[in-house]
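Novice: First the structure, then my questions, so here it is.
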Amino acid sequence: MAGKSNFHANLPILDGKNWDTWVKQMKVIFIVQEADEQVNTILDPLPANATEQQRTTFREAQKKDSKALFLIHQCVDSKVFEKIADAITSKDAWDILQKSYGGDAKVKKVKLQALKRQFELLEMKNDEAVAEYFTRVETLTNQMKNCGSTLSEEEMVEKVLRTLTHKFDHIVVTIEQTRDLSEIKMEDLQSTLEAHELKHGERNHDKEDEQALFVKFKRYQDEKKKWQNKKGSKKGKESVENKPESSKKEGGQKTKKDKSTIQCYNCNKYGHYASECKAPKKKKSQNTEEEANVAQDGSTSEDDVSFMVTITDETTESMVWYFDTGCSNHMTGNTSILTDFNKCLNTRIKLANDNFIAAECMGNVVIQRSNGKKAVIEKVLYVPGMKCNLMSVGQLLEKGFKAVFEGETLKLFDSKQRLILKTAQSQNRTFKTQVKTIEVECLATSTEDKDGDLWHRRYGHLNFKSLSMLNSKNMVLGLPSVIAPVDTCTTCLLGKHPRSPFKSNLPMRSSEVLNVVHSDICGPIDVLSTGGNKYFITFVDEYSRLIWLYHIKAKSEAFEVFKRFKTLVEKQSDKSIKVLRTDGGGEYTSKEFENYCKDQGIIHEVTAPYTPQHNGLAERRNRSILDMARSMVKQKGLPHRFWGEGVSTDVYILNRSPTKKLIDKVPEEVWSKCKPSVTHFKVFGSLSYKHVPDARRKKLDDKSEPMVFVGYHRTGAYRLLVAKGFLQKQGLNYDEVFSPVARHETIRLVITLACSRRWPMFHLDVKSAFLNGPLEENVYVKQPPGFELKGKEDRVLKLNKALYGLKQAPRAWNKRIDQFLVMQGFVKCSVKYGVYMKHSNDKHMLIICLYVDDLLVTGSSPLEIENFKSQMKSEFEMTDLGKLTYFLGMELLETPKGVILHQAKYATEILKKFEMLDCNSAVIPADTRLKLEVDGSSETVDSTMFRQLLGSLRYLCQTRPDISYAVGYVIRFMSKPLKSHFLAAKRILRYINDTIHYGVLFPYSRDSSKLELNGFSDADWCGDKVDRRSTSGYVFKFQSAPVSWCSKKQSVIALSSCEAEYVAGSLAACQANWMQSLLNEMKIIDNITIMLKIDNKSAINLAKNPVSHGKSKHIETRFHFLRDQVNKGKLSLEYCSTNDQQADILTKSVKRDQFLKLRREMRIVRFDSLN
1 MAGKSNFHAN
11 LPILDGKNWD
21 TWVKQMKVIF
31 IVQEADEQVN
41 TILDPLPANA
51 TEQQRTTFRE
61 AQKKDSKALF
71 LIHQCVDSKV
81 FEKIADAITS
91 KDAWDILQKS
101 YGGDAKVKKV
111 KLQALKRQFE
121 LLEMKNDEAV
131 AEYFTRVETL
141 TNQMKNCGST
151 LSEEEMVEKV
161 LRTLTHKFDH
171 IVVTIEQTRD
181 LSEIKMEDLQ
191 STLEAHELKH
201 GERNHDKEDE
211 QALFVKFKRY
221 QDEKKKWQNK
231 KGSKKGKESV
241 ENKPESSKKE
251 GGQKTKKDKS
261 TIQCYNCNKY
271 GHYASECKAP
281 KKKKSQNTEE
291 EANVAQDGST
301 SEDDVSFMVT
311 ITDETTESMV
321 WYFDTGCSNH
331 MTGNTSILTD
341 FNKCLNTRIK
351 LANDNFIAAE
361 CMGNVVIQRS
371 NGKKAVIEKV
381 LYVPGMKCNL
391 MSVGQLLEKG
401 FKAVFEGETL
411 KLFDSKQRLI
421 LKTAQSQNRT
431 FKTQVKTIEV
441 ECLATSTEDK
451 DGDLWHRRYG
461 HLNFKSLSML
471 NSKNMVLGLP
481 SVIAPVDTCT
491 TCLLGKHPRS
501 PFKSNLPMRS
511 SEVLNVVHSD
521 ICGPIDVLST
531 GGNKYFITFV
541 DEYSRLIWLY
551 HIKAKSEAFE
561 VFKRFKTLVE
571 KQSDKSIKVL
581 RTDGGGEYTS
591 KEFENYCKDQ
601 GIIHEVTAPY
611 TPQHNGLAER
621 RNRSILDMAR
631 SMVKQKGLPH
641 RFWGEGVSTD
651 VYILNRSPTK
661 KLIDKVPEEV
671 WSKCKPSVTH
681 FKVFGSLSYK
691 HVPDARRKKL
701 DDKSEPMVFV
711 GYHRTGAYRL
721 LVAKGFLQKQ
731 GLNYDEVFSP
741 VARHETIRLV
751 ITLACSRRWP
761 MFHLDVKSAF
771 LNGPLEENVY
781 VKQPPGFELK
791 GKEDRVLKLN
801 KALYGLKQAP
811 RAWNKRIDQF
821 LVMQGFVKCS
831 VKYGVYMKHS
841 NDKHMLIICL
851 YVDDLLVTGS
861 SPLEIENFKS
871 QMKSEFEMTD
881 LGKLTYFLGM
891 ELLETPKGVI
901 LHQAKYATEI
911 LKKFEMLDCN
921 SAVIPADTRL
931 KLEVDGSSET
941 VDSTMFRQLL
951 GSLRYLCQTR
961 PDISYAVGYV
971 IRFMSKPLKS
981 HFLAAKRILR
991 YINDTIHYGV
1001 LFPYSRDSSK
1011 LELNGFSDAD
1021 WCGDKVDRRS
1031 TSGYVFKFQS
1041 APVSWCSKKQ
1051 SVIALSSCEA
1061 EYVAGSLAAC
1071 QANWMQSLLN
1081 EMKIIDNITI
1091 MLKIDNKSAI
1101 NLAKNPVSHG
1111 KSKHIETRFH
1121 FLRDQVNKGK
1131 LSLEYCSTND
1141 QQADILTKSV
1151 KRDQFLKLRR
1161 EMRIVRFDSL
1171 N
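Per the UniProt record's numbering, the very first residue in the sequence shown carries number 1; after that it's consecutive.
Structure (structure tokens):
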């Protein structure tokens, strides 16, 4: 076939980025295949009374059009194919691609302006070849021409001549003066310039050889002159006396020797001999044998360390370090100076003789600088047998240091251009320095005795200087005397790394508390805390140095947190905040924040951009908090998600720790006027035992429960009081706990209705909803810590309203909101709780979907919606989240064709959680030959992790019906998961990774008065290999959008495919009846007959025929509900072929082409292609 059509296998593939070149290639292919006319002409339909000649012509045209469409399909990748999958003719497909990637006239005009600017700024680089530069010029000009530019070849030639480098100046002048630029072609110009480039390169090569020879000769002359000078200095007097007569001046005077070319070998300066040198004489080296350090460059494998050096056999002091530019890592042969060993190392070192030796470990070396401060040399390799220490210049440069070689001196600067080392060249032409290694004190925190170490860890790895100050000056109660230790605390070295502030000493501006408050936000932390937070915000009082910390999920919560903080501290201190100092982050500079500060009389000071040091107090506190949390979590090996508990504990500790500004007091004492006690301090993350009261245990039960200590309970009004619901008993202090909410399918149905009628949708959230619910039962709680009434500590409190944690709290809130909505004229839907409707006299309608404290509001009148918002805000503390974009983990995206409901963010979190972001993609979620078994030969996997994965996938099915069957099938093996089951689940993740930007499309309706509701029902007979039960599946589409779907294994074993389809139809009939009742009660439709399509005629006949015969008499009565609905006229059954059965994707794993076809028909689309 290939030979017949001259079809070539190497076709250009459009990936969305190569449109310009792809179009040109495709036009040639169309001409070769005689299909160029089809992509530009519309295929006229065949007339009803067409002649035979017309039919023949139409068939030929249709054949060519199919051929052109086939070529387009073969020349695009899978992602681009999704755009043209529904195109019927080649012109339709071509127009879609032209509009998507070619752009219209306006887009091309904008693109052309950008390309023109690039063309104007284009210049040849100094190290660029002529051919490379011409390629860049021609590529850019071709792009400009594709956007409509009329750039001539003469302009291109002028551009090239104008932007060449200086080495082409004389050839450019020659071309411009001798030739007409309008007649020069780009190819001729390129060949001319390449010839000049070749000659210029040869001359430079010869010149380099001459320079090299000259340098060698010059070195020889210098050495010769130096030797003659040395020799002449010994015979100085003789050489002068033996001069001929002509060397004497007139009058008998001797001529003076010209010493300007003589170099002193003592000070290396010109103009005198060494014997006349006044500089201190050089001391001769004690070592008579010279050293020779040779560094070479070599290419080694990635696991090798490329460094080659030879040294003498003399014994070298361990404190001397040699600087080596050919050494790739710091190295030493002395293990006594290393700390923090890392023996899990597989590193080889290549020597100059091509031999290899192994490095056994890597560690750090702590040295003492001349000013007494400590410094750490990191990542030093230990090489057994090495007799000297090598300092890698390359490794220093990577760390931000700068090495400068001037004359015979090496200077080493840090990243701030401060000189930290200066050493002179030795006689053997090497650079070395002598340093003093010390025992690491790890940022002044180390441990000597057990008590000191214990309190060091209890205080969150606070430095020992501050610990000693706390005890010696009696700043807290209960702290024993702590002695500064000698041994190293390696946790502090890993967890803390200080840096210098802008100013070491800032003046205090406050004369009392709350005069000045500093604030800053720290984050985002890459690991979510146990409370799901990514940030924390701190407030520091400048006068008392007391810290307040709040956990937040997003920076946008800063304003609300500040208002809570302001209310708290002003009530506690009877003072008011006068100045607030923050950085220039958007969370602090919003108009709402600024207006609030102005209304409250607060001066808001904002630091300059990119200078966090100006907000130094808050910045330093945040640094200390993170350093301590990092050390505490590291010390006990806790998961990183406990950083939230760690930072809260650190604030509690720092408020009871000394500061430089406070004299003999800690922040807590300055704020509360009471000296705090620390006798209750424990080590963070340590194992503890909590006493179990007698009322909660039996005679032989354990009297304590093991737990992990993760922080302190701070007393104060900001504490979140959570009731201990686990202590409640049913019938005693609660009865009903069920709280009705709107189902996901109801929410999808309302969204579909709003899209078809172009209604706006809004999202409201009730703050602290459970605190609004009145209690019907008598519930008593203990007095909260810090709020006990004096003299009445043994009494309890009676709750009038619910608290978070009570079992009946959701139920109480639901009754409260239900009563309010009914009072506002809403009618509660009896078919589905959680849905409320309101019809006005002018035929306007308002619908509310309630899910605990989240409300979805939509309706035909924007005025009615705004009135409802005002009513809610007057009754409850509300947050108006604006237009509906995110609801219950589902995201809504508006496109020109409709609204997309998707869970791309949630899917990304699943892939990230189970480390599948970079996995290979899969086109379908399950293999067509997949048959899993309960007991197999494969090994078992972690059941907890397996359940977490399937639970996450189950919720993803709310917007992805294409994975419902695959997820439901794997869930059947959740009790005892095997490796084969886990691989099937990973296959679903691979499919999600490939379709992460897919969702359900709810299209806009052209005719909102015409409402359609139909469904598909199917079954896979005996599809389960374990118990031979069938799988039912159905999908219902409202206004052509899927709103309800299900994939479920049947509860009975069907004896035939007819019976399996009949049982599946009964399940679909129940759902159809519910949807019909819901739409009737909402007054959307009245007595509509739902069309249900089944691909089994026997099942259809069995449902329509009321007579019971031998093949159906064993079917349970409940499944005959399908027949009852058909007889009542509520349901109409229609046959459809298996290829058009959309529910087929919910009952079995189908082949790739059929799967992609059914997925498109179910309106599961890639949403980024619709924008």
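No residue lacks a Cβ here, since even glycine has one placed at the ideal position from N, Cα and C.
Write down every uninterrupted run of the beta strand (DSSP E) in the region 577-657 whose length is 3 residues or greater and which is fully enclosed by it, in chain order.
Specialist: 579-582, 603-606
Novice: Once you ignore the five residues that flank Asp1168 on each side, which residues in its own chain have a CB closer than 8 Å to its CB?
Specialist: The answer, listed in chain order, is His997.
Novice: Can you give me the C-alpha to C-alpha distance between Met26 and Leu164, rounded to a whole angstrom?
Specialist: 35 Å
Novice: Evaluate Lys350 with the Cβ neighbour count: other Cβ atoms within 10 Å of its Cβ, from every protein chain shown; 16 or more gives buried, anything less gives exposed.
Specialist: buried
Novice: Quick check: what's the CA-CA separation for Glu60 versus Val137?
Specialist: 44 Å
Novice: Give the C-beta separation of Ile1088 and Leu1133 to the nearest angstrom, bearing in mind that I take them to be a contact with Cβ-Cβ under 8 Å.
Specialist: Between Leu1133 and Ile1088 the Cβ distance is about 15 Å, and since that is not below 8 Å, they are no contact.
Novice: How close, in whole Å, do the beta carbons of Asp650 and Gly460 come, if the pair is a contact with beta carbons under 8 Å?
Specialist: 5 Å
Novice: Under the three-state reduction of DSSP, which class applies to Val435: helix, strand or coil?
Specialist: The three-state reading of DSSP puts Val435 in coil, since its state is none of H, G, I, E or B.
Novice: Buried or exposed: Val692, going by 16 or more other Cβ atoms within 10 Å of its Cβ?
Specialist: exposed
Novice: What does DSSP give as the partner residues of Phe405 in its beta bridges?
Specialist: Leu410
Novice: On the three-state DSSP scale, how would you describe Lys782?
Specialist: strand
Novice: Please confirm whether Asp169 has its beta-carbon closer than 8 Å to some beta-carbon of chain B.
Specialist: You won't find chain B in this structure, because it holds only one protein chain.
Novice: In the DSSP assignment, find the beta strand (DSSP E) that holds Trp759 and state where it starts and stops.
Specialist: No beta strand (DSSP E) contains Trp759, which DSSP labels as neither H nor E.
Novice: Nearest to His518 by alpha carbon, out of Ile552, Ala618, His551, Asp853?
Specialist: Minimum Cα distance to His518 is reached at Ala618.
Novice: Quick check on this structure: which residue in Lys843, Cys849, Leu850 has the alpha carbon closest to the alpha carbon of Ser861?
Specialist: Lys843
Novice: Keeping to the same chain, check which residues put their C-beta closer than 8 Å to that of Ala131; ignore five residues upstream and five downstream.
Specialist: Gln190, Glu194
Novice: Closer than 7 Å by C-beta to Trp19: which residues in its own chain qualify, once you throw out the five before and the five after it? Chain order, please.
Specialist: Tyr101, Gly102
Novice: What is the residue span of the alpha helix (DSSP H) that Ile184 lies within?
Specialist: Taken as a continuous stretch (DSSP letters only), Ile184 belongs to no alpha helix (DSSP H), as it is neither H nor E.
Novice: Would you report the Cα separation of Gln143 and Val172, rounded to the nearest angstrom?
Specialist: Their Cα atoms are separated by approximately 27 Å.
Novice: Considering only residues of the same chain and omitting the five flanking positions on each side of Lys235, which have a CB-CB separation below 6 Å?
Specialist: Residue placement at Lys235 cannot be trusted, given a pLDDT of 43 that sits under 50; the coordinates are not used to answer.
Novice: I need the DSSP call for Pro961, collapsed to helix, strand or coil.
Specialist: helix
Novice: Cys1058 and Ser1098 look like a contact to me (Cβ under 8 Å); what is the Cβ gap, rounded to whole Å?
Specialist: 4 Å
Novice: Please report the residue range of the beta strand (DSSP E) in which Gln53 lies.
Specialist: No beta strand (DSSP E) holds Gln53; the alpha helix (DSSP H) holding it covers 52-74.
Novice: Based on Cα-Cα distance, which residue from Gly16, Leu549, Gln572, Glu398 lies nearest to Gly646?
Specialist: Leu549
Novice: Name the one or two DSSP bridge partners that Trp548 has.
Specialist: Phe539
Novice: One question on the structure: do Lys767 and Thr885 come within less than 8 Å of each other, judged by their Cβ atoms?
Specialist: no
Novice: Could you tell me the alpha carbon to alpha carbon distance between Ile547 and Phe539, rounded to whole angstroms?
Specialist: Roughly 6 Å separates the two Cα atoms.
Novice: By the three-class DSSP mapping on this structure, what secondary structure does Lys1037 have?
Specialist: strand
Novice: For Ala1060, count the other beta carbons within 10 Å of its own beta carbon; 16 or more makes it buried, fewer makes it exposed. Which is it?
Specialist: Burial check for Ala1060: the Cβ neighbour count within 10 Å reaches 16 or more, so the residue is buried.
Novice: Can you tell me the Cα-Cα spacing of Phe826 and Glu587, whole angstroms?
Specialist: Computed Cα separation, rounded: 38 Å.
Novice: Excluding the five sequence neighbours on either side, which residues of its own chain have a C-beta within less than 6 Å of the C-beta of Val1165, listed in chain order?
Specialist: Leu1001
Novice: Use the C-beta contact count for Val741: other C-beta atoms within 10 angstroms, 16 or more gives buried, fewer gives exposed.
Specialist: buried
Novice: Touching or not, the region 783-798 and the region 896-907, by the rule of three or more beta carbon pairs under 8 Å?
Specialist: The region 783-798 and the region 896-907 do not touch, with fewer than 3 CB-CB distances between them shorter than 8 Å.
Novice: Could you please give me the residues that DSSP links to Arg1166 through a beta bridge?
Specialist: Its beta-bridge partners are Tyr998.
Novice: Using DSSP with H/G/I as helix, E/B as strand and the rest coil, what is Lys243?
Specialist: In this prediction, Lys243 has a pLDDT of 40, which is less than 50 and means its spatial position is unreliable; what the coordinates show is noted afterwards. Three-state DSSP puts Lys243 in coil, outside helix and strand.
Novice: Is it true that the region 1009-1023 meets the region 1046-1056, where meeting means three or more beta-carbon pairs spaced less than 8 Å apart?
Specialist: yes
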